[in-house]
Amino acid sequence: MTSTPTAGARPDEVRRHNRTALLRRLHIEGPTTRAALATELGLNRSTIKALVDGLAETGVVEERVPRARSGAGRPSLLVLPQPLAAVVLAVDIRVEQVAMALVGLGGEMLGRNSWNLRGKAREPDEVITHIIESMRVLADELGVRTIAAGVSVPGVVRRSDGFVHEAPNLQWTGVPLGDRLGAALGIPIRVGNDAEIAALAEHLRGVARGSLDAVYVSADIGVGGGVISDGATLSGTAGYVGELGHMVVNPTGRHCYCGSRGCWETEVGEVALCRALDLPEGSPRGAVVAELRALSAAPAEAERKLAEFSEWLVLGLVNVVNAFSPELVVLGDLFTSLPVPLVKRVGDEVGRRSLVSRAIGGTRILASTMGADCKLIGAAELAFETVLGAV
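Here the sequence shown stands for residues 8 to 398, where the numbers follow the numbering used here.
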């Protein structure tokens, strides 16, 4: 979010603040007119004119007559961000695959690549080398220069320098990912926990758009969470936050790799879903998704098979809502394949059991609609946070 400059700010600081605010508006919301920018940003028209003219001269924005015209008279010109004016690298490191893209100003994906992680290819040195080589090849093919990078990792990450303390499902411990990529690429690198980054994506471009307080919860091999509080990402001490999957919900439950017992992810993660669906542990992700989609057409069977699973999901979400008081909870990854009636019942039950939800008039629980690119989009936005003021 953009802060308001103080009354004692120097004129150049005010201009820089206004310029960044205008660019952020165009980057996130898309093309609009000068008049709309003046209204939304609370600036006078002469200030907007000076800002837009300056950005147009440097090729950061372009003004164009809208394709669809209505009414008589001269149409208002649209101000459009130019994607090639600022290009960032976005990387989503998953347990079984790495996806990457070069993303231009305004959020346009200019080019992308992905590869599977098997055996030695999952080792940190191999992943880092492949990212560096793939980025250089992609940038050369597109004829662009990247100015920053954002990286999503399924683990505990220190935001200050991108140090991966632990990513258990990748079998990574103590990996200085941010420093190594930054030294090789020579650009600012920001690394974050995957669920935290997904929360940022949902807040800026997904179903949580416009929500000042939201929580993103996802089920993959593990369960993670990201929190948006008062419009900003909640980072926690040293940036370590989002391990909602290791909230203990069943003290007599299964042992978790973290050393505890009965963690939420042991009851609602991918392995738990396999148990509920009578699938062998370690079944391909596609088989789990296919089974969940089949249950969508068989409500009674879905209720029977997923009764215990949904009870644990409710219990964890009640704790999340009581702790963070969000207006919205977004369900991601495998949770997006749950039958819609089940998600509605879970939402109703959370509303009934949560003291906070009742106090604030209800917390909406929705499935993400961003698809597999959610964390890639979030990684790009993480990178853009560092550069919009310098474009």
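The beta carbon of each residue, even a glycine, is placed where N, CA and C say it ideally should be.
For Val-255, the closest of Val-234, Val-327, Arg-119, Ala-304 by C-alpha to C-alpha distance is Val-327.
Each residue's CA atom was taken as its position, placing Gly-378 and Val-398 some 29 Å apart. Annotated three-state conformation of Gly-243 is coil, per DSSP. Rounded to whole angstroms, Leu-85 and Leu-211 show a C-alpha spacing of 22 Å. Looking at the backbone, the Cα of Ser-267 and that of Leu-251 are separated by about 13 Å. If you keep only unbroken beta strand (DSSP E) runs of at least 3 residues inside the region 170-197, you get 170-174, 179-182. By the neighbour-count criterion, in which 16 or more other beta carbons inside 10 Å mark a residue as buried, Val-94 falls on the buried side.
When secondary structure is reduced to three states using DSSP, Val-67 falls in the coil class, being assigned neither helix nor strand.
Around the CB of Gln-104, fewer than 16 other CB atoms lie within 10 Å, so the residue is classed as exposed. A residue is called buried once 16 or more other Cβ atoms fall within 10 Å of its Cβ, and Asn-123, having fewer, is exposed.
In the displayed model, Pro-90 falls within a helix according to three-state DSSP. Nearest to Val-164 by alpha-carbon distance, out of Ala-190, Ala-245, Ala-92, Arg-359, is Ala-245. Comparing alpha carbon positions, the residue from Gly-289, Ala-215, Thr-273 closest to Thr-259 is Thr-273. Thr-39 and Val-98 have their alpha carbons spaced roughly 29 Å apart. Gly-293 sits exposed, since fewer than 16 C-beta atoms from the chains shown fall within 10 Å of its C-beta. Counting along the chain, Ser-364 sits inside the alpha helix (DSSP H) bounded by residues 362-366. Apart from sequence neighbours up to five positions away, the residues of its chain that approach Leu-145 with a beta-carbon distance below 7 Å are Leu-109, Gly-118, Asn-120, ordered along the chain.
Looking at Ile-367, Gly-49, Ala-174, the one whose alpha-carbon comes closest to that of Arg-32 is Gly-49.
Per the Cβ contact rule, the region 296-313 is not in contact with the region 197-211 (fewer than 3 Cβ pairs under 8 Å).
Between Val-198 and Leu-219, the CB-CB gap reaches or exceeds 8 Å. Taking 8 Å as the cut-off, the beta carbon of Gly-217 is found no closer than this to the beta carbon of Tyr-223. No Cβ-Cβ contact shorter than 8 Å links Asp-227 with Lys-382. For Lys-56, the CB contacts under 8 Å within the same chain, skipping 5 residues up- and downstream, are Arg-41 in chain order.
Here the alpha carbon of His-172 sits roughly 43 Å from the alpha carbon of Gly-61. Its chain contains Pro-346 as the residues whose beta carbon lies nearer than 6 Å to that of Ser-303, once the 5 sequence neighbours on both sides are disregarded; these appear in chain order. Cβ-Cβ distances below 7 Å link His-262 to Arg-268 in the same chain, with the five nearest sequence neighbours on each side left out; the list follows chain order.
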